[in-house]
Each structure stands twice: as structure tokens, then as C-alpha cells.
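Each remark here refers to the structure printed beneath this line.
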Amino acid sequence: MYYIVVKSIIGHYTSLKRHSKGKPSPGKSPGTRPEDEAEGKHPQREKWASKLDFVLSVAGGFVGLGNVWRFPYLCYKNGGGAFLIPYFIFLFGGGLPVFFLEVALGQFTSEGGITCWEKLCPIFTGIGYASIVIVSLLNIYYIVILAWGLYYLFQCFQPELPWAKCKQPWNTDRCIEDTYRKNKTLWVAANASNFTSPVTEFWEHNVLGITSGIEDIGPVKWDLALCLLLVWVICFFCIWKGVKSTGKVVYITATFPFVMLIVLLIRGVTLPGASEGIKFYLYPDLARLKDPEVWIDAGTQIFFSYAICLGAMTSLGSYNKYKYNCYRDCLLLGALNSGTSFVSGFAIFSVLGFMAQEQGVDIADVAESGPGLAFIAYPKAVTMMPFPTLWAILFFIMLLLLGLDSQFVEVEGQITSLVDLYPSFLRKGYRREVFIAIICCISYLLGLTMVTKGGMYVFQLFDYYAASGVCLLWVAFFECIAVAWVYGVDNFYDAVEDMIGYRPNPWMKWSWSVITPLLCMGCFIFSLVRYKPLTYNKVYKYPDWAVGIGWTLALASMICIPMVVVIKIIRSDGQKKKKKKKTPKKPQMISYITSSDSGFVGWLVCNCFLIQFFKPMPHSNPV
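According to the UniProt record's numbering, the residues represented by the sequence shown are 1 to 623, in order.
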């Protein structure tokens, strides 16, 4: 009896919604404004000029620095080939389903990362606000990496690479050149005496000018500030005309890094010692799978590398034509993304194997992750190759293009989400371009804190907390709950079928309903349980006030979801009370359902979990 009552109410609710809004007509996005439609105008929203524009934009957006400097390191650190087991579990159980969900959601609603949730499931609009907070913070600090890379690229145009030898103005008495390290005994003694390499001193003393801690932030390094400004200017001109400019720029920024990666791969595997590096990268250690840390790393890497929960993929999908087959391309793009990560490991570890052999040390002693790989390990390796300047230039060009297209795609997602909140105001004339310039200027000014002499500590604080795996897992969990349990997974499947012409593999439905929420929440809880305070170089410990700022950055996004739910319910209750005073009394249950989505959801969520496990929700036309 309980099942029948609940089922009938949900059926009545979806029926009311279906009759009030109707099924979207073929070839027409639900995002078309009614007033435009009535006047016979074309929708104001732009569309991709071609399918390839969308494919390359997405590829450029999520194939970034993490594929090159994070995945290979995590693979070797977490059991080599054994790491691929949890990686593929999270890929098929979390990464691909959420990636497809976001793209399809954008295409279905023709809205950015905030307003799409307002249309689909208003009570969970907080998901959009959480995403915009994360991507806004990410855009401030991610571009600093490009400023460092641009600085290195400029330094390459000298007769000799400045980090190849000591006796430079920034070197200390502890600097020891690589020629001495071929003698392993001497190198061990040098380590014991706390000696440093010229490439490390170039990074710490010349590029960063690093201070003793975040308490001593120091002055702005104007050479880095100018590099940061130049990168922001490039980013602005990549997106200032919307998808018209973005869709063309990605033909270079999304394809050239793959060419460079192949060139570096061929060069790497032909170096002596490369085979040892590749063995080190792939040799499976199945015992590592017992460590929860391995599974946490796999889950967070998937969400990082697929650029999901940032609103960017939803925004890119919103520029698709309504009948575009996004399902097919999402699967192909997923294969491209993970394949790039895997192949990058061969390019990186073949060079690290060569470097370890040249120095006479273990590969574990030279393996680095993140900025340490890009600005210390690899620059050191190219100094040992023939034609070091050429390989350094190629590497940093690849690094810049990998990061640049990820940056401007994420900024485009941020801009699209905000413009869609106020389309009638921000789409007129040149207001969108002016708005982009304002966002870029504000982000640049905030980013100046990271190009001070203590800027690396600020950068790490943002990287560890602001766009952490914990935040992404939290958002992904609620995305699946909103689509599968509140809006209805079958309703969303109907919408996808109306767009692409067939129903996707049931695996997506199972993932959104059960698998992905469980994986996300499990990884989220383990991440909190295994939380370790932030350190720099495993030596410097951040003060409590800095850790407090870090958690504030993390909670700034996470709190958006429950906060908006509460606000929607309070507003709904207030509207119901006003309505009761002004209108004749209706039957209580029907009035409660039709008054507002958010007023209904509190009761609905509690019951949907019971129903969904016993019988799927009835098919209905997409709302």
C-alpha cells in the first residue's frame, strides 16, 4: 500500500510537469527563450560551428598537466601496473558516468553550470554554485603554473641553459654540478652534506626566490608577475568571442601537445636506461591494493583529469546542437584522456630511467610529481641529453599548451555559468567581453599573491584545499543524487534518448543511481579519515591559521549545496503560506506538490530510495 501511494504521487507530479512544459521539439533546445520563439527570432545562444570544435575543446579542457605530471607518478607510487585496477574501477564507475552526465545535462538544457540545475532540479541549484566556486579558485592558481613555464621558456633562449651549471648569481656554496654525480659514492656523500643541484637552486632561488614560510610572504617578483599577466592576456583573447574564438584556438592548443608528447616519447624510449624506467613505472605490486590510500589516489585522479564537477563540461555541452550524439563522443574522449595519461608515463619514466642511470642512483631518487617533475626533474634530464636547449624548448612549449587550453576552457565554463544567470544584461553588445576582462583582471590581481617570494606556499594552500578531491567528490555525489533520485534516472534517460536517438548502455543508469554515489561517498569519507596536514617539501609545516584558511576555501564550495537546499525549502514554505491566504483551499497533498519543486523534494528524497530499488520510475517525456 505504501508503495502504491508513493508511486501514484510521483506519477502525478511528473505528469503535471510534463503537461506544463511539454516535450522539447526535435532540433530545438529547451534553452530557447519563449519570447524569442514567439517573435520568430533565433535563439541567442551560440552553437559550435562544427562537431570537431566541441571535441577539441573538451579534449583540451581535460587533457592537461595532470595527465603528464600526476598520473605517471601516482602509478609508480601506488603499485605500478596494479594501480590500473582501482583506476579503471573509478573510471567506469565514476569518471565516465559523471562526465557524460554533465555534457548531456548542458546539451539538454542549453544552460551553463548553474542555471542548468535551476531548470532540471531547482532544489539542487547549489551544485552549480559549488562548481563555480571551485572553478573560480582553480582559475586563480592553475594559471600560475603557466607563468612559471613561460619564465622557463624565456630562459631557454640563451647560449647555455641557466640551470645546467653552478656559479650563477643565484647559486650558493652548496651547489654541486651533475658531472660530479656520476660518481655514486661522491653523490651519496654530497647528499649527506646537504648539497643541492643547480636545477634545484635555479627553481628555488631564481624562479621562486622562496622565503622561509607563508608567514613571510615577501614582495612580488615582477618578472613572474609579467609572465602571469601575459598568460592572462592570451587566455582573454582565446575566449573573448565565446565559442567562435575558443573553437578555433583549440585546433592548435589541443593538437600540438599530442605531437610534442609523441616526439618526446620517441626521444625518451631511445635513451639508455629507458627500459629500466618503464619497468619501474609498470611493474605491478598487488600488495599495494590493500592500502586505502591507493584507492583514494585513483578516485581523486579520475575526477581531476576529467575536469568534472567544475561546470566547464556542462558549459561546453550547452553549445551543442540538441540532436548531437554526445554519448558517442564522450566515450571516445574518455578513451583519449586515459590513453594520454598512460602514454605520458612512458615518455616521463623513460627519461627518468635515463637520468637515474647517468647519475648512478635509483629511479625512486629522481621520480617527482607535480611542479617538481616539470621544473626540476625534467629540466635536469634535458641537460644530460644532446641538444639540451632544443628538448627544453619543446618540453616547455608542450607544458604551456597543455595548461593553456585547460585554463581557458575552465575560464569559459566560469564565464558561461555567470553570463547565463543574467543573459538579458550580459549578452547585449560588448558587455560579455567587458565582463570577461573584469573577471580576468580580478583573477590576475588575486593571483599576484602566488608570484611573491612566498607565493609557492599560497599556491600549495590553494592546490591542497580549494580544488581538492574532497570538494570534487562531494559535488559529484550530489550531482548523481539530483539526477538519478530526484529528477528520475529514467526521465533523464528519456531526455538523452530524445537527443541522440537511442538509450545509452544501462551501465550509465546503474552508475548514476548506485555505483558512483557509493564510490564518491566512500572515497570522500576515507579522504577525511586519512587527512594529513599540509607540508612543503615534507619539511615545512603550515601554521594553524593557514590550515584554517585552507579549510575555509574548501568549505566555501561544499557549503553551497546544503545552504541552497535550506534556502529553497524556507522560500517554498513562505510561498505556500502566502498562497493559502490568497487562494481557495486545495487538497493538501496536491497543493504541496505543485507549489514548488523544492517544497516537494524533502518528502520525495526519503521515499525515492525505497522505490528505486524495487521498481524503476515510469518513463516520461523529458521536462
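Where is the CB? At the ideal position from N, CA and C, for every residue including glycine.
Legend entry - Val361 vs Ala377 beta-carbon contact at 8 Å: no
Inset, instruction - Could you work out which residue in Ile561, Leu555, Gln107 is closest to Cys330 when comparing CA atoms only? - result: Gln107
Inset, instruction - Any chance you could list the beta strand (DSSP E) runs of at least 3 consecutive residues sitting entirely within the segment 490 to 556, in chain order? - result: none
Inset, instruction - Round the Cβ separation of Trp69 and Ala374 to the nearest angstrom and send it over; I've been treating them as touching at under 8 Å. - result: 5 Å
Legend entry - Reference Gln301; option with closest CA among Tyr73, Lys165, Ile123: Tyr73
Inset, instruction - Spell out the partners DSSP gives Val220 in its beta bridges. - result: Thr452
Legend entry - Within 8 Å, strictly: CB atoms of Val98 and Ile296: no
Legend entry - Check whether Tyr141 and Phe459 have beta carbons under 8 Å apart: yes
Legend entry - Host alpha helix (DSSP H) of Arg328 (start-end): 326 to 359
Legend entry - Straight-line Cα distance separating Leu208 from Leu426: 39 Å
Legend entry - Three-way DSSP call (helix, strand, coil) for Cys175 in this model: strand
Inset, instruction - Buried or exposed for Ser315, please, with buried defined as at least 16 other CB atoms from any protein chain shown within 10 angstroms of its CB. - result: buried
Inset, instruction - Have a look at Asp463 and Ala104 and give me their C-alpha separation to the nearest angstrom. - result: 29 Å
Inset, instruction - State the start and end residues of the unbroken alpha helix (DSSP H) segment that holds Asp297. - result: 292 to 305
Inset, instruction - Could you pull the start and end residues of the alpha helix (DSSP H) that Phe258 belongs to? - result: 256 to 269
Inset, instruction - Would you mind giving the Cβ-Cβ distance between Val564 and Thr115, rounded to the nearest angstrom? I have them listed as a contact below 8 Å. - result: No, Val564 and Thr115 are not in contact; Cβ-Cβ is about 13 Å, not under 8 Å.
Inset, instruction - Sort Met508, Ala546, Asn78 by Cα distance to Lys290 and report the nearest one. - result: Asn78
Legend entry - Exposure of Leu52, with buried meaning 16 or more beta-carbon neighbours within 10 Å: exposed
Legend entry - Residues that Thr196 bridges to, as DSSP identifies them: Cys175
Legend entry - Gly353 and Glu276 closer than 8 Å at C-beta: yes
Legend entry - Buried versus exposed call for Asn320 [16 or more other C-beta atoms within 10 Å across all chains shown]: buried
Legend entry - Alpha-carbon to alpha-carbon, Leu271 and Pro198: 23 Å
Legend entry - Cα-Cα separation between Lys509 and Thr389, rounded to whole angstroms: 51 Å
Legend entry - Nearest neighbour of Leu370, chosen from Leu224, Phe71, Trp48, Leu56 [CA to CA]: Here the sequence assigns Gly to residue 370, which means Leu is not the residue at that position. The residue with the shortest Cα to Cα distance from Gly370 is Phe71.
Legend entry - 8 Å Cβ shell around Leu56 - same chain, five flanking residues per side excluded: Gly247, Val250, Tyr251, Ala254, Thr255
Inset, instruction - State the Cα-Cα distance for the pair Cys235 and Pro169, rounded to the nearest angstrom. - result: 33 Å
Legend entry - contact_flag[the segment 518 to 535, the segment 445 to 452] where n(CB pairs < 8 Å) is 3 or more: no
Legend entry - Ile132 versus Glu160 - alpha carbon distance: 44 Å
Inset, instruction - Using 10 angstroms around the beta-carbon of Val5, count the other beta-carbons present and answer buried if the total reaches 16, otherwise exposed. - result: For Val5, the predicted structure reports a pLDDT of 36, less than 50, and the residue's modelled location is therefore unreliable. A value from the coordinates is still provided. So Val5 ends up on the exposed side.
Inset, instruction - Taking 8 Å as the cut-off, decide whether the C-beta atoms of Ser406 and Gly60 are in contact. - result: yes
Inset, instruction - Grab me the residues of Leu421's own chain with a C-beta within less than 7 Å of its C-beta, minus the 5 sequence neighbours each way, in chain order. - result: Ile114, Thr115
Legend entry - With 16 other Cβ atoms within 10 Å as the buried cut-off, status of Ala189: In this prediction, Ala189 scores a pLDDT of 46, lower than 50, which makes its location untrustworthy; no coordinate-derived value is stated.
Inset, instruction - Determine contact between the segment 145 to 153 and the segment 394 to 409, defined as no fewer than three beta-carbon pairs at a distance below 8 Å. - result: yes
Inset, instruction - Please look up how many angstroms separate the CB atoms of Met260 and Leu394, rounded, as I've assumed it's under 8 Å. - result: 6 Å
Inset, instruction - Output the distance between the C-alpha atoms of Asn67 and Leu96, rounded to the nearest integer angstrom. - result: 16 Å
Legend entry - Rounded Cβ spacing between Val470 and Leu528 (contact assumed at less than 8 Å): 7 Å
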